[in-house]
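A short write-up of the structure that comes next.
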């Protein structure tokens, strides 16, 4: 422990010396007794007891004030984290097709986005020293979280990812390009994008192929995951009375594009989400 103003500590011996001096100079009692036996029988009143304690408490308080004025400080411990040198951006599709409920999670039917968020949460919790960022995309792309080692804060940002926050569409190329922008200037020795989508590129000015070429030139690996099942998927809707009903809709995952993106960056693809 260190003190910013240690000179104030000199007040403590002065306070103690002053208290001792004043104690010695107390006026002697005006009445004297030949014996103290009578005094011993007399119980001190509450006022006398309090008076003695107040005197002592005043001395303690003055000493504590002197300590406070000296401003004691505990030196901060510097913790260095040795990172693995991996920067990872997770690019999540938040188009309305992700509302299809063709996954089961803990015995309950869930939509594709909830299934993706569950997988991403487990992935984040399984990392230790990698910086991770989040990008969400539909017709546009936006950064949910920059690269960070604060996984608790990252998970809080993941929780607020919703469908319908931006214009609908599936801009895979734009989502990938936005992810590359978060990584291109970092000094990590290894950089990775994990792209999770359930559809075909139908929005944005950047094609998935062009974005993949950019990733290759930046030496950033792009792992792609298809977030959906093959065939017809139950899609939620509302009937005339406002009740939730399901329509069977075919939502194709562009597996060829996902394979092409991964292969161009020397990564690999998963054709379906693994819960």
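Numbering (the numbering used here), first residue to last: 19 to 293.
Beta carbons are placed, not taken as given, at the ideal position from N, Cα and C, and that holds for glycine.
What does DSSP give as the partner residue(s) for residue i in the beta ladder?
i	result
residue 122	127
residue 266	252
residue 161	153
residue 109	153 and 213
residue 21	90
residue 288	243
residue 30	Paired residues: none, contrary to the question.
Where residue i and residue j are concerned, what is the direct C-alpha to C-alpha distance, given to the nearest angstrom?
i	j	result
residue 116	residue 190	14 Å
residue 243	residue 89	57 Å
residue 36	residue 91	28 Å
residue 221	residue 157	5 Å
residue 202	residue 234	11 Å
residue 264	residue 245	19 Å
residue 32	residue 84	10 Å
residue 167	residue 38	58 Å
residue 186	residue 198	22 Å
residue 127	residue 176	20 Å
residue 25	residue 34	16 Å
residue 169	residue 142	7 Å
residue 266	residue 182	21 Å
residue 280	residue 236	14 Å
residue 23	residue 77	21 Å
residue 145	residue 74	57 Å
residue 288	residue 119	19 Å
residue 30	residue 86	11 Å
residue 315	residue 114	No answer is possible for residue 315: it lies beyond the span of the chain, which begins at 19 and ends at 293.
residue 129	residue 270	16 Å
residue 173	residue 212	16 Å
residue 47	residue 40	Legend: pLDDT at residue 47 = 46, less than 50; position of this residue unreliable, value from coordinates given subsequently. Rounded to whole angstroms, residue 47 to residue 40 spans 15 Å at the Cα level.
Let me confirm a value: residue i is counted as buried when at least 16 other C-beta atoms fall within 10 Å, else exposed. Which label applies?
i	result
residue 256	exposed
residue 51	With a pLDDT of 47 at residue 51, under the threshold of 50, the modelled position of that residue is not reliable, and no figure is offered here.
residue 196	buried
residue 138	buried
residue 261	exposed
residue 79	exposed
residue 205	exposed
residue 286	exposed
residue 124	exposed
residue 147	exposed
residue 122	exposed
At what residues does the beta strand (DSSP E) containing residue i begin and finish?
i	result
residue 282	Not the beta strand (DSSP E): residue 282 falls in the alpha helix (DSSP H), residues 273 to 282.
residue 207	Unbroken run through residue 207: none, as it is neither H nor E.
residue 239	239 to 244
Excluding five sequence neighbours on each side, which residues of the same chain lie with their C-beta closer than 8 Å to the C-beta of residue i?
i	result
residue 179	110, 112, 131, 135, 152, 154 and 162
Ignore the nearest five residues each way along the sequence and tell me which others in residue i's own chain have a CB closer than 6 Å to its CB.
i	result
residue 218	272
residue 268	250
residue 259	none
residue 275	226
residue 184	156 and 158
residue 164	151
May I ask which residues mark the beginning and end of the alpha helix (DSSP H) holding residue i?
i	result
residue 191	190 to 201
residue 221	Neither: residue 221 is in no alpha helix (DSSP H) and is coded neither H nor E.
residue 226	226 to 235
residue 170	169 to 177
Give me, in chain order, the residues of the same chain whose beta-carbon lies closer than 7 Å to that of residue i; leave out the 5 immediate sequence neighbours on both sides.
i	result
residue 208	103 and 104
residue 231	282
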